[in-house]
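Novice: Position 211 of the sequence shown, counting from 1, maps to 211 under UniProt numbering, and the rest follow consecutively.
Glycine is no exception: its CB is placed at the ideal position from the N, C-alpha and C atoms.
If you're wondering where the values come from, they're calculated on a predicted model, not measured in any experiment.
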Amino acid sequence: MALGQVEFRDGIAILQVVCFAAFLPVGVWFKAAGRLGWVGVTALSLFRLVGAGCMLATINAQEDAEGLWAGVLVCESFGFLVLFFLLLEMMERLNHFAEVVPGFIFMLPQIITWACIGVTIAGLFSISRADDPLAPTPFSQAGTAVTALLFVFEVATFLYMFLLPQSGRRGLDTVPPEEAPLFHCLVIGLPLLGLRLLYTLLYAVTGDETYSSIAGSATVYLIFTALPEIGIVTAAVWAVLHIRVIGPDEMAGRGFFRTIGRLAERRSRSKSPDGAAERRRHSNVIEEDPRLSGVDTHYDPLAVQRGN
1 MALGQVEFRD GIAILQVVCF AAFLPVGVWF KAAGRLGWVG VTALSLFRLV
51 GAGCMLATIN AQEDAEGLWA GVLVCESFGF LVLFFLLLEM MERLNHFAEV
101 VPGFIFMLPQ IITWACIGVT IAGLFSISRA DDPLAPTPFS QAGTAVTALL
151 FVFEVATFLY MFLLPQSGRR GLDTVPPEEA PLFHCLVIGL PLLGLRLLYT
201 LLYAVTGDET YSSIAGSATV YLIFTALPEI GIVTAAVWAV LHIRVIGPDE
251 MAGRGFFRTI GRLAERRSRS KSPDGAAERR RHSNVIEEDP RLSGVDTHYD
301 PLAVQRGN
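(1) Would residue 206 count as contacting chain D if we go by Cβ distances under 9 Å?
(2) Who are the near neighbours of residue 184 in its chain, counting only those whose CB is closer than 8 Å to its CB and skipping five residues on each side?
(3) For residue 178, count the other beta carbons within 10 Å of its own beta carbon; 16 or more makes it buried, fewer makes it exposed. Which is it?
(4) The alpha helix (DSSP H) spanning residue 144 covers which residue range?
(5) Under a three-way DSSP split, which group does residue 37 fall into?
(6) Tell me whether residue 47 is buried or exposed, calling it buried when 16 or more other Cβ atoms sit within 10 Å of its Cβ.
(7) According to DSSP, is residue 311 part of a helix, a strand, or is it coil?
(8) Should residue 13 be listed as close to the ligand FMN, given that the test is whether its C-beta is under 8 Å from any heavy atom?
(9) Tell me which residues share the same chain as residue 13 and place their Cβ nearer than 7 Å to its Cβ, disregarding the 5 neighbours each side in the sequence.
(10) Restricting to Cα atoms, I'd like to know which of 31, 36, 199, 228 is closest to residue 94.
(11) With a cut-off of 8 Å, do at least 3 Cβ pairs link the stretch 182-202 to the stretch 135-155?
(12) Can you name, in chain order, every residue of its own chain whose Cβ lies under 7 Å from the Cβ of residue 311, other than the five neighbours on each side?
(13) Using a Cβ-Cβ cut-off of 6 Å (strictly less than) and excluding sequence neighbours within five positions of residue 38, which residues of its own chain qualify?
(14) How would you call residue 18, buried or exposed, if buried means at least 16 neighbouring beta carbons within 10 angstroms?
(15) For the alpha helix (DSSP H) holding residue 246, just list the boundary residues, first then last.
(16) Helix, strand or coil: how does DSSP classify residue 284 here?
(17) Grab me the residues of residue 45's own chain with a C-beta within less than 7 Å of its C-beta, minus the 5 sequence neighbours each way, in chain order.
(18) When DSSP labels each residue in this structure, what does residue 212 get in the three-state scheme?
(19) If the criterion is Cβ atoms closer than 9 Å, does the pair residue 204 and residue 141 meet it?
(20) Rounded to whole angstroms, what's the CA-CA distance from residue 212 to residue 138? Just pull it up for me.
(21) Considering only residues of the same chain and omitting the five flanking positions on each side of residue 221, which have a CB-CB separation below 8 Å?
(22) Nearest by alpha-carbon distance to residue 100: which of 82, 121, 159, 67 is it?
(23) Quick check on the burial criterion: 16 or more other C-beta atoms within 10 angstroms. Buried or exposed for residue 92?
(24) For a test of the three-state rule: what should DSSP assign to residue 177, helix, strand or coil?
(25) Given a cut-off of 9 Å, decide if residue 40 and residue 89 are closer than it, judged by their beta-carbon atoms.
(26) Below 7 Å CB to CB, which residues in the same chain sit around residue 68 once its five sequence neighbours on both sides are set aside?
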C-alpha cells in the first residue's frame, strides 16, 4: 500500500473522529430530551470513534497493530448494523400514522438482525484461524447475505408503505406534514445505505482488497462507506430535530431497542391487581375529554395531535 494512500486513510479516520464526536453529544441529548433515534446515533458514533481511533493508533503501533486492526474490523461490522436500526425506527414511526403495515411485521427485521449479529461474531472468531485474516470467510459472506436480506426487507416495506398505489388503504397522505422530515430522511438514507451495502457485498463476493475496509483503496472507502454513513446520520439528526417530541408512554415499545421493555411492561401490568382498574380509569379520562368528542381514538394519541 502506497504511503500517500495510508496518509489519505488516516485523514478519513480524522474526518470520522470530527464528525462523530459532534454526533455523539447530539445522540445523548436526544436521549435526555426523549427524542427518536438516540440509540442509533449514539451507538454508531461510539463505534466509529473507537474504530477511527484504532485506525489512527496503528500509525505508531508496533507489536499491537494486529489487535488494533481487529478493533477496526469489529467497529466497522457492528456500526454498519446500527444504520439499519436507525432507519427502521423512523419507518416504524411513520407507519404509526400511515397504518399500512401491521406492527408485528417490524419484528422480522429484529430476527434477521440478531441472526446477522450471531453470524458476524462467529466470523470474527474464525478470522484468527484463517491463513489470510483479511480475506472473506464463509461466516462473513453469510453475514453479508443476511444483511442484504435485511436491506431488501426495509426497501420493500418502504415502497409498499408509501410509493406503491393501493386502493382502500391509508398511506403517505395520512402522515401529518410535521412528520415529513422522517420520510425525506428515508428517501435520502436508504440509497446511501444501499451504497454502503454494495461496498460490503463487493468484498464478500469478489474478495478484491480494493473493497476492504482495512487494506483497500482509501478513495473507495471514502465514497462507499465514510461519506454515506455521515450522510445518513446527518439526515437522521436533521429529521429528528424537525419533528415533535412525543411522550414516554407513546414511545414505549416502539422500535427495535424497546421491544423487550414493551413485553416486560405488558406482562407486569397483566399481573398487577391494579392494572385493570388503571386501564378503566385511563379509558374514562379519554371518554370524558371534550377534545376527543367525535374523534376516532384508534390512533391515540398521535391522531389527537393531528386533529388539533
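Specialist: Based on what the coordinates show:
(1) Absent from the structure: chain D. Only one protein chain is present.
(2) For residue 184, where only same-chain residues beyond five positions count, the Cβ hits under 8 Å are 235, 239.
(3) exposed
(4) 138-158
(5) In this structure, residue 37 counts as coil in the three-state DSSP scheme.
(6) buried
(7) Any question about residue 311 goes unanswered here, given that the chain covers just 1 to 308.
(8) Ligands displayed in this structure: none; no statement on the ligand FMN is therefore possible.
(9) Close CB contacts of residue 13 within its chain, under the 7 Å cut and outside five residues either way in sequence, are with 52, 55, 56 (chain order).
(10) 36
(11) yes
(12) In the structure as shown, the chain starts at 1 and stops at 308, and residue 311 therefore has no counterpart that could be examined.
(13) 27, 30, 31
(14) Taking all protein chains shown into account, residue 18 has fewer than 16 neighbouring C-beta atoms within 10 Å of its C-beta and is therefore exposed.
(15) Taken as a continuous stretch (DSSP letters only), residue 246 belongs to no alpha helix (DSSP H), as it is neither H nor E.
(16) Bear in mind that a pLDDT of 48 at residue 284, under 50, signals an unreliable position, so the number given afterwards is only what the model happens to contain. Helix at residue 284.
(17) 20, 23, 24, 27
(18) Of the three classes helix, strand and coil, the one that applies to residue 212 here is coil, per DSSP.
(19) In this structure, the beta-carbon distance from residue 204 to residue 141 falls below 9 Å.
(20) 16 Å
(21) Result list for residue 221: 9, 12, 199, 213, in chain order.
(22) 159
(23) buried
(24) helix
(25) yes
(26) 54, 57, 58, 61
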